[in-house]
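Working notes, structure below.
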Amino acid sequence: MEPCCVTPLVHVQCHPKCYDWRLRRGCMGLWCVIWIVLLVIAIMGWAPIFDDKDNKKALPEEQFPGGLDLWYGIQWWGRGDVLHPVVNITTGLGQGPSPFFDATKPTVIYCHGWQDGGVVSDGLERLTSHDGIHMADLWIDQGWNVGSFYWTQFADEPDVEVAEAKIWETCLEDGVCYPKQAMSWRGKDGKSHPWSGGLPISAGQIFYDSVVASLATAKPESGFKLRLVGHSLIGGMVMAAGFKLAAAADKGEIPAFLKPDRIAMLDPNWSPANEEAVFTRMYEISHFHNVTVEVTRASSFSAPARYGKLLQNLGNYSAAFSCQPLVRRPYRHRVDLGPGGGAQAHCRSGQLFFEHRPQQPERGERTIGAHP
Numbered sequence: 029m030e031p032c033c034v035t036p037l038v039h040v041q042c043h044p045k046c047y048d049w050r051l052r053r054g055c056m057g058l059w060c061v062i063w064i065v066l067l068v069i070a071i072m073g074w075a076p077i078f079d080d081k082d083n084k085k086a087l088p089e090e091q092f093p094g095g096l097d098l099w100y101g102i103q104w105w106g107r108g109d110v111l112h113p114v115v116n117i118t119t120g121l122g123q124g125p126s127p128f129f130d131a132t133k134p135t136v137i138y139c140h141g142w143q144d145g146g147v148v149s150d151g152l153e154r155l156t157s158h159d160g161i162h163m164a165d166l167w168i169d170q171g172w173n174v175g176s177f178y179w180t181q182f183a184d185e186p187d188v189e190v191a192e193a194k195i196w197e198t199c200l201e202d203g204v205c206y207p208k209q210a211m212s213w214r215g216k217d218g219k220s221h222p223w224s225g226g227l228p229i230s231a232g233q234i235f236y237d238s239v240v241a242s243l244a245t246a247k248p249e250s251g252f253k254l255r256l257v258g259h260s261l262i263g264g265m266v267m268a269a270g271f272k273l274a275a276a277a278d279k280g281e282i283p284a285f286l287k288p289d290r291i292a293m294l295d296p297n298w299s300p301a302n303e304e305a306v307f308t309r310m311y312e313i314s315h316f317h318n319v320t321v322e323v324t325r326a327s328s329f330s331a332p333a334r335y336g337k338l339l340q341n342l343g344n345y346s347a348a349f350s351c352q353p354l355v356r357r358p359y360r361h362r363v364d365l366g367p368g369g370g371a372q373a374h375c376r377s378g379q380l381f382f383e384h385r386p387q388q389p390e391r392g393e394r395t396i397g398a399h400p
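With our numbering applied, the sequence shown covers 29 to 400.
Here it is as structure tokens:
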């Protein structure tokens, strides 16, 4: 039998099986190196996903101001991820005046979406990006009041459609309205509790009441204007509450300055059961109440992905753009029909909104985009 090679520096007549063995060993070593390199690259690329800087547990005084078992309403943001809850002197809820609201500044109020398990886990959705940017600071530094409307205890449902149904209401001929869903809420103990203390009202009505009570001292002559922003499921919420505000303001039931200047729906989503309610209000608030409506798409499963053509027909769209989400365009309405991403893109659509930096609009141009 011919000897095997013992060194590559000496020419020896080797048996073919020895070459096969050495070749296999060399290939296995090469593949090990390749897999190690790929593993390192993957860990470096995916590590930030597991180090989620927006996942901060709410402080007790933020989540349950005054020790209330059930709290909802508006909180104002300070720089550095600081929350200042509104505390009504009578009810303790987030519906009333606050020293942290500047009546002379333009104001944006953000509303969170579905919060399954949110009460006992994180408590309150922060305006902090996935990579740790305090998004409210970007607008505060440009002279804005930034608030969040919290209805976390109502939105904490295992079924997203149950949480969504709490936004909407059914109204009788006499004008009395009832929520489409029982307004149960999640307590500190993680258990569900029924509504108590009079007739229940919808989450959309709670949002409306919170805005009216908390912004009553605003001074439009000094620069105040109002914008509402909702992400995901809460595209429907800002449309429900925004429509109530616009309709009431135009009827003279509330001050005219409480009619939103703009409503932004960020990668919104809604169930087929509520699509008529969303589309009807979207059309009426834009065409009858002259409120600018912004709809953006960031993912492949948002409502604009499903209803893009129908959304176009709700307004005077000049084109369907396949551009990056939130890019400035001189049109009153826009739906981004470009290619979308998945869950990660959906979750980051709020970050895109708050971090967007606008160019100066041309004279006479009415822009739409996520910018102050």
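Glycine included, C-beta positions come from ideal geometry on N, C-alpha and C.
How far does the beta strand (DSSP E) with residue i in it extend, from its first residue to its last?
i, result
"His112", "110-113"
"Ser176", "173-178"
"Trp401", "Given that the chain is displayed from residue 29 to residue 400, the structure contains no residue 401 and the question cannot be resolved."
"Pro207", "205-207"
"Glu197", "197-199"
For residue i, name the three-state secondary structure that DSSP assigns.
i, result
"Pro248", "helix"
"Met293", "strand"
"Tyr138", "strand"
"Asn302", "helix"
"Ile77", "With a pLDDT of 45 at Ile77, under the threshold of 50, the modelled position of that residue is not reliable, and no figure is offered here."
"Glu322", "strand"
"Ser157", "coil"
"Ser126", "coil"
"Ser220", "strand"
"His162", "strand"
"Glu192", "helix"
"Gly270", "helix"
"Arg214", "strand"
"Gly106", "strand"
"Gln170", "coil"
"Phe382", "helix"
"Gly61", "Looking at the sequence provided, one finds Val at residue 61 rather than Gly. If DSSP states are grouped into helix, strand and coil, Val61 belongs with the helices."
"Pro186", "coil"
"Asp278", "helix"
"Val240", "helix"
"Ile313", "helix"
"Gly146", "coil"
"Ile262", "helix"
"Thr308", "helix"
"Ala131", "coil"
"Leu286", "helix"
"Leu152", "coil"
"Leu66", "helix"
Hey, could you find the ends of the alpha helix (DSSP H) residue i is sitting in?
i, result
"Lys255", "The residue you asked about is not Lys; residue 255 is Arg in the sequence shown. Counting along the chain, Arg255 falls outside any alpha helix (DSSP H), though it belongs to the beta strand (DSSP E) covering 254-259."
"Pro412", "Look at the range of the chain in this structure, 29 to 400, and you will see that residue 412 is not part of it."
"Glu90", "88-91"
Assuming residue i contacts residue j (C-beta within less than 8 Å), just tell me the rounded distance between them.
i, j, result
"Leu261", "Glu192", "6 Å"
"Trp105", "Leu155", "6 Å"
"Gln123", "Gly175", "Incorrect: roughly 12 Å between the Cβ atoms, too far for contact."
"Ser126", "Ser242", "7 Å"
"Ile313", "Ala277", "Between Ala277 and Ile313 the Cβ distance is about 11 Å, and since that is not below 8 Å, they are no contact."
"Val240", "Leu286", "6 Å"
"Gly263", "Pro222", "Not confirmed; about 28 Å, so no contact."
Could you tell me whether the Cβ of residue i comes closer than 7 Å to any Cβ of chain D?
i, result
"Trp104", "No chain D is present in this structure, which holds just one protein chain."
Short of 8 Å in beta carbon distance, which residues of its chain neighbour residue i, apart from the five on each side in sequence? Order them along the chain.
i, result
"Ser250", "Ala131, Thr132"
"Val190", "Gln209"
"Gly225", "none"
"Gln181", "Leu98, Trp99, Tyr100, Val147, Trp213, Arg214, Gly215"
"Ile117", "Gly124"
"Leu67", "none"
"Arg255", "Pro134, Thr135, Val136, Ile137, Pro288, Asp289, Arg290, Ile291, Ala292"
"Trp172", "Lys133, Pro134, Thr135, Val136, Pro400"
"Glu383", "Ser157, Ile161, Met163, Leu166"
Sorted by chain position, which residues of the same chain lie with C-beta nearer than 7 Å to residue i's C-beta, five sequence neighbours on each side aside?
i, result
"Ala268", "Ile195, Trp196, Gly232, Arg309"
"Ala86", "Asp150, Gly151, Leu152"
"Met265", "Cys139, Ile195, Ala231, Gly232, Phe235, Gly258"
"Trp74", "Bear in mind that the predicted position of Trp74 carries a pLDDT of just 47, short of 50, making it too unreliable to give a figure here."
What does a CB cutoff of less than 6 Å around residue i pick up in its chain, not counting 5 residues either side in sequence?
i, result
"Gly101", "Val114, Leu121, Gly122, Gln123, Ser238"
"Leu92", "Looking at the sequence provided, one finds Phe at residue 92 rather than Leu. The residues are Trp99."
"Lys247", "Ala131, Thr132"
Quiz item: Does the segment 210-222 come close enough to the segment 276-283 that 3 or more CB-CB pairs lie under 8 Å?
Solution: With a cut-off of 8 Å, the segment 210-222 and the segment 276-283 do not count as touching, because too few Cβ pairs lie within range.
Quiz prompt | Three-pair Cβ contact test at 8 Å for the segment 252-266 versus the segment 132-144 | solution = Contact between the segment 252-266 and the segment 132-144 is present, with at least three C-beta pairs closer than 8 Å.
Quiz item: Is the segment 311-325 touching the segment 283-303, taking contact as three or more C-beta pairs under 8 Å?
Solution: They touch, by the three-pair rule.
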